[in-house]
Amino acid sequence: SDPVSQEDIKQVEHWIDTFKVPDSFVEFTKKKAVYLNDARTRWRQIEPELISYGEKYPLRNEIYSFFNRAGDLLFLLACYYENEKD
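Here the sequence shown stands for residues -14 to 71, where the numbers follow the numbering used here.
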């Protein structure tokens, strides 16, 4: 069985669709939001490495899609926790 499937990508996209996309810059100040945004930036830093790896060892397109969408989800989760009422 493949470690990442189209169904996995659809699930992440479903979760993404449950969040409101911010219409302006978001400054993260709340602890959970800061941690999630930090995770997102680290996640995005890995993307070029994944692409380089894929040039040497071909990866399925689903891997790239899942990785990209998971980064989007981390951002939206950070936004959610930033806007959460205390």
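Backbone N, C-alpha and C fix where the C-beta goes; we use that ideal spot for every residue, glycine too. These numbers come from a predicted model, not from an experiment.
- Between the alpha carbons of residue -12 and residue 15 lies a gap of roughly 33 Å.
- About 5 Å separates the beta carbon of residue 60 from that of residue 25, a gap short enough to meet the 8 Å contact definition.
- Residue 13 is a Cβ neighbour of residue 67, given a cutoff of 8 Å.
- Contact annotation, residue -10 with residue 47: C-beta distance approximately 7 Å; criterion of less than 8 Å satisfied.
- Taking C-beta separations shorter than 8 Å and ignoring five residues to either side along the sequence, the partners of residue 1 in its chain run 54, 57, 58, 61, following chain order.
- DSSP places residue 26 inside the alpha helix (DSSP H), whose first and last residues are 16 to 41.
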